[in-house]
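**Student:**
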Amino acid sequence: MPMVHEDQDRHKGFTRRILMLSCGKAALLSALVGRMYYLQVIEAEKYKTLAEDNRVNLRLLPPRRGNILDRFGVEVANNQQNFRVVVVKEQTPDLMATLDALSKLIKLSEHDYKRILRDVKRKRGFVPVTVKDNLSWDQVSSIEVNSADLPGASIEVGETRFYPYGANMSHILGYVAAVSEKELTGDPLLELPGFRIGKSGIEKYHDSDMRGQAGTSEFEVNAYGRVIRELARNEGGSGREMILTVDAGLQTFVQQRLMSELSAASVVIDIQNGDVLAMGSVPGYDPSAFNLGLSNKQWNGLINNPYTPLSNKAIAGTYAPGSTFKMVVALAAMKEGIGAFSHTAYCPGFMKLGNARFHCWKRGGHGTVNLIEGLQHSCDIYFYDVARRIGVDKIAEMANKFGLGEKVGIDLPGERSGVIPTKAWKEANIGEPWQGGETLVTSIGQGFVLATPLQLGVMTARIASGGKKVIPRLARGYREGEKTVAYPVPEFEDLGIPPEHMKMIYQGMDAVSNNPRGTAYKYRIKDEGWELAGKTGTAQVRRITLAERQAGIFKNEDLPWRRRDHGLFVAYAPVDNPRYACAVIVEHGGGSKSAAPIARDILQETQRRDPARTPAVPLEQSAEITNLVGES
Amino acid sequence: MGQQPHYLGRHNPEITLGQKLWQLNWGMIVLICMIASIGLGMLYSAANASFDPWASRQAVRFAIGFVLMITVALVDIRFWFRVSYLFYFGALILLVGVEVMGSVGMGAQRWIDLKFIQLQPSELMKVAIVFALARYFHGVSQEDIGRITFLIIPLVMVFAPSVLVLRQPDLGTTGMLVMASGAVFFCAGVRLWKFAVVMASGLAAIPIGWQFLHTYQKNRVLIFLNPEQDPLGTGYHIHQSKIAFGSGGVFGKGFLQGSQSHLNFLPEKQTDFIFTMLAEEFGMVGGLVLLSLYVLLMVYGLAISLRSRNQFGRLLAIGLTFNLFLYVFINIAMIMGLVPVVGVPLPLISYGGTVMLTVMVGLGLVMSVWLHRDIKISRHGVHDE
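Protein chains in written order, with full-length UniProt numbering: chain A, 1 to 632; chain B, 1 to 385.
1) Taking any Cβ of chain B, which residues in the region 121-138 of chain A have a Cβ under 7 Å from it, in chain order?
2) Using a Cβ-Cβ cut-off of 7 Å (strictly less than) and excluding sequence neighbours within five positions of Phe273/B, which residues of its own chain qualify?
3) Counting contacts by CB-CB distance shorter than 8 Å, is Gln40/A in contact with chain B?
4) Just reading off the beta strand (DSSP E) that Asp270/A is part of, what are its end residues?
5) Can you give me the C-alpha to C-alpha distance between residue 675/A and Glu75/A, rounded to a whole angstrom?
6) So Tyr163/A contacts chain B; which residues on that side make the cut at Cβ distance below 7 Å?
7) Using 10 angstroms around the beta-carbon of Arg196/A, count the other beta-carbons present and answer buried if the total reaches 16, otherwise exposed.
8) Do Leu331/A and Ile497/A have their CB atoms nearer than 8 Å?
9) Here's a check: name, in chain order, each residue in its chain whose Cβ is nearer than 6 Å to the Cβ of His138/B, leaving out the five neighbours to either side.
10) Specify whether the region 267-285 of chain A and the region 158-173 of chain A touch according to this definition: at least 3 beta carbon pairs, one from each stretch, less than 8 Å apart.
11) Give the secondary structure of Leu353/A by DSSP, where H, G and I count as helix, E and B as strand, and everything else as coil.
12) Tell me, please, whether the CB atom of Glu620/A is closer than 8 Å to any CB atom in chain B?
13) By DSSP, does Thr160/A sit in helix, in strand, or in coil?
14) Which residues mark the beginning and the end of the alpha helix (DSSP H) in which Cys187/B is found?
15) Hey, out of Thr15/A, Asp9/A, Glu203/A, Leu28/A, whose CA is closest to Val339/B's CA?
16) Identify every run of the beta strand (DSSP E) within the region 182-222 of chain A, keeping only runs that are complete inside it and at least 3 residues long; order them along the chain.
17) In its own chain, which residues sit with a C-beta less than 7 Å from the C-beta of Lys394/A, not counting the 5 before and 5 after it?
18) Which residues of chain A have a Cβ atom closer than 8 Å to the Cβ of Asn264/B, listed in chain order?
19) Expressed to the nearest angstrom, what Euclidean distance is found between the alpha-carbon atoms of Gln455/A and Ala178/A?
20) Select from the region 242-254 of chain B all residues with a C-beta closer than 8 Å to any C-beta belonging to chain A, and list them in chain order.
21) Determine the burial state of Tyr224/A: buried for a count of at least 16 other Cβ atoms within 10 Å of its Cβ, exposed for fewer.
22) By the three-class DSSP mapping on this structure, what secondary structure does Thr18/A have?
23) With H, G and I counted as helix, E and B as strand and the rest as coil, what does DSSP make of Arg562/A?
24) If we cut at 8 Å on Cβ distances, does Asn54/A have a partner in chain B?
25) Taking the alpha-carbon of Glu432/A as reference, which of Leu440/A, Val441/A, Thr422/A has the nearest alpha-carbon?
26) Would you call the region 478-488 of chain A in contact with the region 241-248 of chain A, where contact means no fewer than 3 C-beta pairs closer than 8 Å?
27) Beta-carbon within less than 8 Å of Gly301/B's beta-carbon, same chain only, minus the 5 sequence neighbours each way: which residues are those?
28) List, in chain order, every chain A residue whose beta-carbon is nearer than 8 Å to that of Met199/B.
29) Does Met336/B come within less than 8 Å of chain A when only Cβ atoms are used?
30) In the DSSP output, which residue or residues are listed as bridge partners for Arg81/A?
31) Do the CB positions of Arg115/A and Asn291/A come within less than 8 Å of each other?
32) Got a sec: is the Cβ-Cβ distance from Ile18/A to anything in chain B below 8 Å?
33) Return the CA-CA distance between Asn222/A and Asp149/A, expressed in angstroms with no decimal places.
34) Along the alpha helix (DSSP H) that carries Tyr327/B, what are the first and last residues, could you check?
35) Would you please state the rounded distance, in angstroms, between the beta carbons of Gly152/A and Thr216/A? I believe it to be under 8 Å.
36) Between the C-alpha atoms of Gly212/A and Pro62/A, what's the straight-line distance to the nearest angstrom?
Given below as structure tokens:
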């Protein structure tokens with residue numbers, strides 16, 4: 001049967017072909033198994049990690065920023081609960097209806113609506129969108145009460161930095177604000193939306209201490225980013241509570257007292273340990289405003305204000321110290337062997353040097369004066385005379401010892417160093433040789449000399465402490481949980497001034513305030529045991545013309561504010577057993593009579609409160625000194 | 001003749017319905033049910049431990065498909081022989097119909113909306129083409145196969161539906177049609193050098209064909225060649241599939257525990273990427289078990305084609321088995337990143353109606369070949385014994 005024969009042939013060929021085909025299939029299936037082995041055994045770990053990365057999202061929990069306390073534990077910066085109402089689109093049947101209902105309770109502007117709808121569109125349906133921030137308690141409760149009519153809306157609690165003392169402490173504390181592009185360091189905490197860091201003052205200087213440790217929350221998310229559940233949570237740690245040297249009560253007094261002037265600054269220092277008890281700068285600003293966000297108008301108002309409210313004049317304002325510089329000149333003179341009593345100068349009201357006449361502030365002159373009388377009357381001629389003998393470089397050497405011409409190293413950002421000129425300094429900075437007349441001008445704290453109010457306060461503290469190198473500070477220590485740590489106070493270095501020289505200075509300053517013929521007798525403290533010893537200063541901001549001098553009718557009050565003299569006063573108290581040093585500068589105050597009464601009131605209030613002798617927050621002395629200086 | 005005892009595996013080709021039921025290939029049926037059960041389990045998991053919306057509907061489809069498969073198996077193979085061209089032309093007309101009135105879905109014209117079912121004629125064609133070619137080669141003698149003139153008609157039979165499917169455009173189905181046809185040609189005894197010529201010219205035509213591809217198709221190929229490029233864009237699917245696959249490890253994450261699948265990182269997890277989900281939840285062990293079940297099913301198909309005493313049955317069984325192999329291989333290779341993403345489902349497992357029905361009809365035909373293995377069919381379709 002050919003048919004059957006053919007079929008058998010066909011079957012044979014067919015079987016061979018099927019075998020070949022099956023081999024092909026087997027090879028391909030082996031490739032699949034090989035691939036499975038590669039993916040699921042060899043590369044399994046890699047893909048497991050990738051799957052975990054997909055599944056688990058890490059979210060940083062912002063730590064609670066440490067409070068700032070004054071020396072007695074009074075909160076001067078803290079975190080306040082900030083209530084905001086948010087809306088979750090997914091949970092609202094009708095978003096507009098919910099918003100309209102909310103608007104009846106909390107007033108939403110056209111602009112608010114636009115922003116909310118834009119945010120809702122931009123974010124996924126389950127992400128809460130802020131409707132309104134900083135709700136009052138009344139608004140919160142009205143929303144809670146009406147929650148049935150507000151599907152999808154809910155109240156969330158956040159934290160906002162709050163400064164109970166407002167403008168009274170603005171320059172010490174500084175403020176916090178959102179992180180700018182430049183400030184990003186790669187620390188993911190800084191990239192959290194709404195995270196704030198210190199921008200000035202203590203908030204900036206001790207920012208890393210107060211910031212705390214970020215917590216983490218591990219979430220399982222799906223492919224659309226929706227949180228399915230929380231897997232793990234690490235709360236992190238709150239920031240340190242900074243404890244300042246400042247007495248908030250005294251600080252308030254100082255700032256308020258300075259506000260009798262348009263623009264002024266002052267410091268009060270405990271001469272034993274350098275604690276800055278108060279540091280005022282007028283005008284101030286409200287630091288809380290920065291946290292809530294300033295409007296353009298508010299910001300422009302701050303930066304265009306002629307009295308520069310944003311500048312801490314106590315550390316960043318530099319002024320010619322005027323006659324408050326004379327103690328330094330006197331000490332330099334004594335060091336160079338000029339006797340306080342043995343050497344006298346005759347003051348006819350002016351001194352001739354070459355062709356130029358250098359005037360004393362008093363037209364008729366003081367007659368013959370010695371060092372103590374020179375201080376008491378603030379006789380310019382006496383200081384011209386000794387300065388000419390010792391030269392500018394000796395004065396500068398002494399000025400540097402007392403903290404002038406260099407930063408004193410306070411724990412605040414933005415301190416300025418001022419200027420104490422020397423011959424070399426002028427060559428280097430102005431490119432001209434030193435002129436003899438400039439030595440005379442320097443000796444009365446004019447010309448090139450510039451100092452900050454803090455430097456003058458430190459100078460006074462160093463004088464009052466008998467020549468110790470007092471270093472000021474604003475932070476006493478910190479509290480971290482249960483632990484308290486005090487920043488150690490170093491043993492202040494002795495400046496090597498002979499006590500008998502210091503005694504001359506004390507006599508001179510005492511006479512300024514407590515001798516009826518002293519320049520500040522009018523502004524003395526009359527309470528027994530609280531008397532102050534001080535020194536007046538007037539810093540010209542312009543040269544007095546010859547015509548004005550001859551006319552003799554030049555009154556500061558008649559000049560526009562900008563051209564009036566600065567008024568200065570430095571003082572310590574009590575006179576017999578000094579504890580507090582104080583410096584006051586009144587910008588364009590028209591002379592020392594503007595500053596002296598302020599300094600008197602401040603020192604009187606300081607001694608009344610006596611913060612240095614009142615028990616402050618107890619802090620344990622730490623062994624390590626690692627945190628003496630925070631980041632700068 | 002009916003009284004003859006069977007020996008050497010040969011038995012009376014004319015048997016009653018009862019005997020047919022008795023002789024049904026129950027081992028194969030058990031395998032099919034096992035695979036389909038695994039599929040239902042995975043669909044249950046894909047819907048996050050719910051029978052809705054996929055598992056319940058797929059179960060109904062499987063039940064319908066099962067009855068259809070048994071019915072098809074019981075029908076005499078001579079009937080199938082007679083209707084094979086009819087079946088082919090019917091499928092071809094439906095393909096043209098898609099071209100004319102098909103609704104647009106997934107960016108490709110693939111479906112005819114018959115209201116109760118979204119019919120995919122290209123799926124039907126996968127069976128029909130094997131049908132038609134088996135019938136054709138059954139009628140061609142060993143000598144004639146060597147002649148090129150006798151290859152013109154079957155080549156046209158393959159070419160017509162391939163072009164129509166390619167126009168839809170559906171690269172994966174076109175590839176399957178061509179390859180399954182190739183397997184029938186191969187087993188029918190077409191000379192090997194002819195395959196070499198076709199393959200060489202096919203390779204040469206690749207640069208020309210590239211121009212005609214759609215952008216998304218080009219992207220799929222490019223992503224395949226360089227999978228790490230753009231893991232969040234076009235390569236997202238395959239990237240996430242590999243992560244899911246690899247992270248399953250040897251033993252998997254456990255039923256309903258696949259994070260990639262349940263957190264929706266894995267795309268299309270109820271259809272094309274369902275094997276990925278299985279591999280994620282049951283690991284390499286699970287994947288190998290399912291693969292072995294498929295291999296056993298294919299071995300049954302091969303054995304049946306070898307045992308058939310008529311060329312039509314042999315070619316039909318081998319062609320349909322090869323079809324099954326192509327489904328399984330292309331799908332699994334695709335989700336593991338071995339071949340470009342072409343949209344080929346996993347038979348009996350992936351969610352989808354037409355595929356389920358055509359695959360089960362195909363398996364029914366293979367069983368019919370088994371039940372009627374000793375029936376002889378003349379070259380022209382007349383029963384001669």
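We put the beta carbon where it would ideally sit given N, CA and C, even for glycine.
**Tutor:** Quick answer:
1) none
2) What you label residue 273/B is simply residue 273 of the second sequence in a count that begins at 1. These residues qualify, in order along the chain: Ser241, Leu266, Pro267, Ile335.
3) Locating residue 40/A in the first sequence gives position 40, counting from the first residue. The beta carbon of Gln40/A sits closer than 8 Å to some beta carbon of chain B.
4) To locate residue 270/A, count along the first sequence from 1; it is residue 270. Note, Asp270/A: beta strand (DSSP E), 264-270.
5) Only positions 1 to 632 of chain A appear in this structure, which leaves residue 675/A out of reach.
6) Counting from 1 along the first sequence, the entry for residue 163/A is found at position 163. Per Cβ cutoff of 7 Å: no residues; Tyr163/A is ~45 Å from chain B at best.
7) Here residue 196/A is taken as the residue at index 196 of the first sequence, counted from 1. When all chains shown are included, Arg196/A counts as buried.
8) Here the question's residue 331/A lines up with position 331 in the first sequence. Here the question's residue 497/A lines up with position 497 in the first sequence. Against a cut-off of 8 Å, the Cβ pair of Ile497/A and Leu331/A comes out as a contact.
9) Translated into the one-based positions of the second sequence, residue 138/B becomes position 138. Hits under 6 Å: Gln311, Phe312.
10) yes
11) Counted from its first residue, the first sequence places residue 353/A at position 353. The answer is strand: DSSP assigns Leu353/A an E or B state.
12) Position 620 of the first sequence, counted from the first residue, corresponds to residue 620/A. No, Glu620/A lies away from the interface with chain B (no Cβ there is under 8 Å from its Cβ).
13) Residue mapping note: residue 160/A aligns to position 160 of the first sequence, counting from 1. In the structure shown, Thr160/A sits in a strand (DSSP, three-state: E or B).
14) Your numbering for residue 187/B matches position 187 in the second sequence. Segment 171-188, the alpha helix (DSSP H) holding Cys187/B.
15) Position 339 of the second sequence, counted from the start, is the residue given in the question as residue 339/B. The shortest C-alpha separation from Val339/B is found at Leu28/A.
16) Taking 3 residues as the shortest admissible run, the region 182-222 of chain A contains the following complete beta strand (DSSP E) segments, listed from N- to C-terminal end: 196-198, 215-221.
17) For the purposes of this step, residue 394/A is identified with residue 394 of the first sequence, where counting begins at 1. Only Ala332, Glu336 meet the Cβ criterion.
18) Within the second sequence, numbered from 1, the residue matching residue 264/B stands at position 264. What Asn264/B touches in chain A, judged by beta-carbon distance under 8 Å, is Asn222, Ala223, Tyr224, going in chain order.
19) By one-based count along the first sequence, residue 455/A stands at place 455. By one-based count along the first sequence, residue 178/A stands at place 178. Gln455/A and Ala178/A: Cα-Cα distance of roughly 32 Å.
20) Lys242, Ile243, Ala244, Phe245, Gly246, Ser247, Gly248, Gly249, Val250
21) Locating residue 224/A in the first sequence gives position 224, counting from the first residue. The residue in question, Tyr224/A, is exposed, as its Cβ has fewer than 16 Cβ neighbours within 10 Å.
22) As a working mapping, residue 18/A is identified with position 18 in the first sequence. Just to set this straight, residue 18/A is Ile in the shown sequence, not Thr. Note: Ile18/A maps to helix in three-state DSSP.
23) On the first sequence, position 562 is the one that residue 562/A refers to. In the structure shown, Arg562/A sits in a helix (DSSP, three-state: H, G or I).
24) Position 54 of the first sequence holds residue 54/A. Yes, contact with chain B.
25) For this step, residue 432/A is matched to residue 432 along the first sequence. It is Thr422/A whose Cα lies nearest to the Cα of Glu432/A.
26) yes
27) Taking the second sequence and counting its residues from 1, one reaches residue 301/B at position 301. So the qualifying residues of the chain are Ala317, Ile318, Leu320, Thr321, Leu324, Val366.
28) Numbered from its first residue, the second sequence carries residue 199/B at position 199. Residues of chain A passing the Cβ test: none, with the nearest at roughly 13 Å.
29) Sequence index remark: in the second sequence, residue 336/B carries index 336 (1-based). Cβ-Cβ to chain A under 8 Å: yes for Met336/B.
30) What you label residue 81/A is simply residue 81 of the first sequence in a count that begins at 1. In the sequence as presented, Arg is not what sits at residue 81/A; that position holds Gln. For Gln81/A, which the question treats as bridged, DSSP gives the partners Glu159/A.
31) Walking along the first sequence from the start, residue 115/A turns up at place 115. Walking along the first sequence from the start, residue 291/A turns up at place 291. It is not a contact, given that the beta carbons lie outside the stated cut-off.
32) Looking up residue 18/A in the first sequence gives position 18. Taking Cβ atoms only, chain B reaches closer than 8 Å to Ile18/A, which makes this a yes.
33) Counted from its first residue, the first sequence places residue 222/A at position 222. Counted from its first residue, the first sequence places residue 149/A at position 149. Rounded to whole angstroms, Asn222/A to Asp149/A spans 31 Å at the Cα level.
34) Along the second sequence, one-based indexing puts residue 327/B at 327. That run of the alpha helix (DSSP H) goes 311-335.
35) To locate residue 152/A, count along the first sequence from 1; it is residue 152. To locate residue 216/A, count along the first sequence from 1; it is residue 216. Incorrect: roughly 29 Å between the Cβ atoms, too far for contact.
36) Within the first sequence, numbered from 1, the residue matching residue 212/A stands at position 212. Within the first sequence, numbered from 1, the residue matching residue 62/A stands at position 62. Rounded to the nearest angstrom, the two C-alpha atoms are 9 Å apart.
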